[in-house]
Every structure is written in C-alpha cells, then in structure tokens.
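Q: Take a look at this one; I'll ask things after.
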Amino acid sequence: MRLDEPSWWYATEGSQVASRLLSPLGSLYGWAVERRFRTAAPYRAKLPVICIGNFTVGGTGKTPLSRFVLETFAARGVVSACLTRGYGGSLSGPVWVDRARHAAREAGDEPLLIAKDARVMISRDRAAGLAAIERDGGVDAVVMDDGLQNPSVEKDLTIALVDARRGFGNGHVFPAGPLRARLEFQLGRVDCIVVIGEDPPEGPSPVFEHLKKRFPGPVLRGAVMPRGETEWIAGARILAYAGIANPGRFFRLLESFGPVALQSRAFPDHHAFTEKDAASLLAEAEATGAQLATTEKDLARLAGTTRTLDKLRERSRTLPIEVTFDERDLVRLHSLIDGALKVGARG
Numbered sequence: 318m319r320l321d322e323p324s325w326w327y328a329t330e331g332s333q334v335a336s337r338l339l340s341p342l343g344s345l346y347g348w349a350v351e352r353r354f355r356t357a358a359p360y361r362a363k364l365p366v367i368c369i370g371n372f373t374v375g376g377t378g379k380t381p382l383s384r385f386v387l388e389t390f391a392a393r394g395v396v397s398a399c400l401t402r403g404y405g406g407s408l409s410g411p412v413w414v415d416r417a418r419h420a421a422r423e424a425g426d427e428p429l430l431i432a433k434d435a436r437v438m439i440s441r442d443r444a445a446g447l448a449a450i451e452r453d454g455g456v457d458a459v460v461m462d463d464g465l466q467n468p469s470v471e472k473d474l475t476i477a478l479v480d481a482r483r484g485f486g487n488g489h490v491f492p493a494g495p496l497r498a499r500l501e502f503q504l505g506r507v508d509c510i511v512v513i514g515e516d517p518p519e520g521p522s523p524v525f526e527h528l529k530k531r532f533p534g535p536v537l538r539g540a541v542m543p544r545g546e547t548e549w550i551a552g553a554r555i556l557a558y559a560g561i562a563n564p565g566r567f568f569r570l571l572e573s574f575g576p577v578a579l580q581s582r583a584f585p586d587h588h589a590f591t592e593k594d595a596a597s598l599l600a601e602a603e604a605t606g607a608q609l610a611t612t613e614k615d616l617a618r619l620a621g622t623t624r625t626l627d628k629l630r631e632r633s634r635t636l637p638i639e640v641t642f643d644e645r646d647l648v649r650l651h652s653l654i655d656g657a658l659k660v661g662a663r664g
C-alpha cells in the first residue's frame, strides 16, 4: 500500500474537514495497531535488538540513524546486521542483500544503501528474519530498521525519530493524519526520542520542548549534515530531484551551500523512475546547463535499469548525509546503546 502523504496532513489551515471525515478510519487503523500488540507473542532473540522507527508515516531520518548505530557498533568491534522488511522491493525473504546481485526493484533502495557498509537481512516476517540471522551466526547485535509498530520481535532499545519542522502534523492517526497509531500509545513503546533536522523558520522547534515535558525518557537533538565534499554546489546551477518522503529537507540542504540557481523536482516516495522521467530531467539539465543532484536512495533505484536511466545515474551527483549529535547527547545515546548490548546479551 502506498503511503504518499497529502499536503493537508501538515497544513496549518484547511485540513480540518478532511481530518474529521477520515477520523473514523483513523480510529480503526489505530485500534488495529494496538490490537496487534495486545495479541502478539513476540520472538525473543539471543542477540541484542535495537529498533529505529518513527511515530508518523513518511521519512524522518531512520536510514541515516540506522547507519549511525551500525557504524557505532563497527567502531567498537561489535559485528552487527540490519534487519529490514525491504519496502519497495519484491523480495519477501529471509534473504541477505547482495549488492552485486540485487537491484532496488528486488531489495528496495534503503537496504541497498545500508548494505554499502553493513550486512542487511530482508524479511517481511521480522521474527523469521531475526531467527535467520541467529542461525547463520557471526553477528553480535541487530539493528531493526523501521520496526516501531511491529510487535513480532522483542526489542532491547527502541529509538523514535521526530522531524523538528513537521512534528506530528495535525496529530491525527492515518489516514486522517500522519500518525501510525495514537501518540500516547506509541510514546509508551519507546525508550528514547531523537528530534532531528533544522528548526522551523519561526524559531526553535516547539516539538522538542513539548516532548521533553511529555515524555519521561531522554529526548535528544540530532542534525542532518552532509557527508563528504560540498564545494561542487557553491556557485553552480543545480537541478535537484528526489523521490523520498520529505524531499524539501534535501532541497533546503542543497540551498544552504549557495548554488547560483536551484531548481527542484519532487517525486513520490520510493518513486520508480521511468524513461520519460529520466529523459525530461536530462533534457532540462542540458538546456539550463545545470548539474543534476539527487539523494543516495534515489541513485540506488536508478542502478541496473535502462540505458536512459543509467545515463541519468551517471550524470547525477549525490549529497550523502549523516546524523550528528552534540557531545552531551552523543554520550547519552552511546550509554543507551551500551545498556542495550548488556541487557540483550543473552548467550
């Protein structure tokens, strides 16, 4: 099921009628999520499981944070793997991602991206995927990507991300709003919240202060920063395109590095680019003398496709990103990860 978000989820005005009309469906959807947790018999793994998720439909930075945790493990000599459902791909798993063999249409763009630096297990049945990781051996810890609303696996640490600008939108449950279940219910299932991204134009993010008062656990601030060189952006003409849940964040990041002109083209989340899309972008870049720029996820979806899409991939540059924390919050996050490793080491 596609979950492309309507703009009125985050609109300050004009969304009340649609929200009211859809609120009965939202109540039913939220009830179904909660019922799954009440009736579930979650799998208890012998390995520590750290879950990265979000309260809302759409992107908040789960993939960069999952990569951050995986890199943290690697720096400590902890062998870890990522467990994901492989959204957007055809593989149901359990199967290890092989970048030499799998394309995005099979594995999904996020698993391919994460698999650049870590082992990735795709499994629509998360419990079966976790059991497969244990059977294959050689892994000390598991990072479960986008698993907050999945009750099939016990987690030792659950971290939820919230976008500093968008927050919880209109505060209603899907499809009346972006929440995946009632907020109070979801808050009770997480150990830590990371408010991520830049503040809204009007000032410091009210979401951060609101959560600090409402949530008893740690609420951290994370920033999305470029990873690698950015000199190619300043003074250049840029034609940026993105098929992710929150393309505006990517476009604003590019804008912050001072291009002389920036044109942006937004596509639906996990968009499967067509020959027509590629030809149009290539023609526009040629006509305006612009450098094509896109996200790492979008570039992953272009690999192993048609000649025109391969040409678009070759002519596009990416702006890799990473999550960063100030020293105080980094220490707190590392402490939570250490605690999960100790509690989750069941032998």
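Each residue of the sequence shown is one higher than the one before, starting from 318 at the first, in my numbering.
The beta-carbon is built from N, C-alpha and C at its ideal position, and this holds for glycine as well.
Model, not experiment: these values are computed from the prediction.
1) Residues in its own chain within less than 6 Å of residue 484 by CB, not counting five upstream and five downstream?
2) Rounded to the nearest angstrom, what separates residue 652 and residue 435 at their Cα positions?
3) Which class does residue 642 belong to by DSSP, given the choice of helix, strand or coil?
4) Please list, in chain order, all residues of the same chain as residue 432 whose beta carbon is under 7 Å from its beta carbon, the five residues on each side excluded.
5) Could you tell me which whole beta strand (DSSP E) segments of length 3 or greater appear in the stretch 466 to 490?
6) Taking the DSSP output, what are the residues bridged to residue 622?
7) Using 10 angstroms around the beta-carbon of residue 324, count the other beta-carbons present and answer buried if the total reaches 16, otherwise exposed.
8) Whole angstroms are fine: how far does the CA of residue 384 sit from the CA of residue 428?
9) If I follow the unbroken beta strand (DSSP E) through residue 543, where does it start and stop?
10) Give me the Cα-Cα distance between residue 572 and residue 328, rounded to the nearest whole angstrom.
11) Under DSSP, the alpha helix (DSSP H) around residue 346 begins and ends at which residues?
12) Whose CA, out of 594, 584, 601 and 357, lies closest to the CA of residue 469?
13) If you run the structure through DSSP and keep just helix, strand and coil, what is residue 436?
14) Rounded C-beta distance between residue 336 and residue 527? I'm assuming under 8 Å.
15) Under the assumption that residue 282 contacts residue 397 (Cβ atoms under 8 Å), give the Cβ distance between them as a whole number of angstroms.
16) Quick check: the stretch 592 to 607 against the stretch 365 to 384, are at least 3 beta-carbon pairs closer than 8 Å?
17) By DSSP, does residue 326 sit in helix, in strand, or in coil?
18) If we require 4 or more residues per run, which alpha helix (DSSP H) segments fall completely within the stretch 540 to 613?
19) Would residue 375 and residue 495 qualify as a contact pair, given that the criterion is a beta-carbon distance under 9 Å?
20) Where does residue 458 fall in DSSP's three states?
21) Quick check on this structure: which residue in 394, 411, 393 and 392 has the alpha carbon closest to the alpha carbon of residue 401?
22) Looking at the ligand GDP, does it come within less than 8 Å of residue 615, judged from the CB to the closest heavy atom?
23) Quick check on this structure: which residue in 599, 560, 479 and 576 has the alpha carbon closest to the alpha carbon of residue 425?
24) Looking at the strands, I want to know which residues DSSP matches up with residue 633.
25) I need the boundaries of the alpha helix (DSSP H) containing residue 446, first residue and last residue.
26) From what residue to what residue does the beta strand (DSSP E) around residue 382 run?
27) Expressed to the nearest angstrom, what Euclidean distance is found between the alpha-carbon atoms of residue 344 and residue 371?
28) Do you know offhand how far residue 539's Cα is from residue 626's?
29) Exposed or buried, what is residue 461 when buried is set at 16 or more other beta-carbons lying within 10 Å of its beta-carbon?
30) According to the neighbour-count rule (16 or more other Cβ atoms, all chains shown, within 10 Å of its Cβ), is residue 529 buried or exposed?
A: Checking against the coordinates, here is how it stands:
1) Reading the sequence shown from its first residue, position 167 is the one you call residue 484. The residues are 524.
2) For this step, residue 652 is matched to residue 335 along the sequence shown. For this step, residue 435 is matched to residue 118 along the sequence shown. Near 22 Å, if we compare the C-alpha coordinates of residue 435 and residue 652.
3) Residue 642 sits at position 325 when you count from the first residue of the sequence shown. Three-state DSSP puts residue 642 in a strand.
4) Residue 432 sits at position 115 when you count from the first residue of the sequence shown. Here the set comprises 414 and 416.
5) Taking only runs of at least 3 residues, the beta strand (DSSP E) segments lying wholly in the stretch 466 to 490 are 474 to 480.
6) In the sequence shown, the residue the question calls residue 622 occupies position 305. Paired residues: none, contrary to the question.
7) Translated into positions along the sequence shown, residue 324 becomes position 7. Exposed, because fewer than 16 other Cβ atoms sit within 10 Å of the Cβ of residue 324.
8) To locate residue 428, count along the sequence shown from 1; it is residue 111. To locate residue 384, count along the sequence shown from 1; it is residue 67. Using only the alpha carbons, I get a separation of about 11 Å.
9) For the purposes of this step, residue 543 is identified with residue 226 of the sequence shown, where counting begins at 1. 536 to 543 is the span of the beta strand (DSSP E), which, as asked, contains residue 543.
10) Locating residue 572 in the sequence shown gives position 255, where the first residue counts as 1. Locating residue 328 in the sequence shown gives position 11, where the first residue counts as 1. Rounded to the nearest angstrom, the two C-alpha atoms are 23 Å apart.
11) For the purposes of this step, residue 346 is identified with residue 29 of the sequence shown, where counting begins at 1. Here the alpha helix (DSSP H) through residue 346 covers 333 to 356.
12) One-based indexing of the sequence shown puts residue 469 at position 152. Ranking 594, 584, 601 and 357 by Cα distance to residue 469 puts 357 first.
13) By one-based count along the sequence shown, residue 436 stands at place 119. Three-state result, residue 436: strand.
14) Residue 336 sits at position 19 when you count from the first residue of the sequence shown. Residue 527 sits at position 210 when you count from the first residue of the sequence shown. Incorrect: roughly 20 Å between the Cβ atoms, too far for contact.
15) The requested residue 282 is not part of the displayed model; the chain covers only 318 to 664.
16) no
17) What you label residue 326 is simply residue 9 of the sequence shown in a count that begins at 1. Three-state result, residue 326: helix.
18) 564 to 572 and 592 to 605
19) Taking the first residue of the sequence shown as 1, we reach residue 375 at position 58. Taking the first residue of the sequence shown as 1, we reach residue 495 at position 178. Cβ atoms of residue 375 and residue 495: closer than 9 Å.
20) The residue labelled residue 458 in the question sits at position 141 within the sequence shown. It is a strand residue.
21) Numbered from 1 along the sequence shown, position 84 holds the residue referred to as residue 401. It is 411 whose Cα lies nearest to the Cα of residue 401.
22) Because no ligand of any kind appears in the structure shown, any question about the ligand GDP cannot be addressed here.
23) By 1-based counting over the sequence shown, the position of residue 425 is 108. Comparing Cα positions, the closest option is 560.
24) Counting from 1 along the sequence shown, the entry for residue 633 is found at position 316. Bridge partners of residue 633: 609.
25) For the purposes of this step, residue 446 is taken as the residue at position 129 of the sequence shown. Here the alpha helix (DSSP H) through residue 446 covers 443 to 453.
26) Counted from its first residue, the sequence shown places residue 382 at position 65. It is not in any beta strand (DSSP E) - residue 382 instead sits in the alpha helix (DSSP H) that spans 379 to 392.
27) Taking the sequence shown and counting its residues from 1, the one referred to as residue 344 is at position 27. Taking the sequence shown and counting its residues from 1, the one referred to as residue 371 is at position 54. Cα to Cα, residue 344 sits roughly 19 Å from residue 371.
28) Here residue 539 corresponds to residue number 222 of the sequence shown, with the count starting at 1. Here residue 626 corresponds to residue number 309 of the sequence shown, with the count starting at 1. Cα-Cα distance, rounded: 34 Å.
29) Position 144 of the sequence shown, counted from the first residue, corresponds to residue 461. Counting Cβ neighbours within 10 Å, residue 461 comes out buried, since at least 16 surround it.
30) Here residue 529 is taken as the residue at index 212 of the sequence shown, counted from 1. Looking at its Cβ environment, which holds fewer than 16 other Cβ atoms inside 10 Å, residue 529 is exposed.
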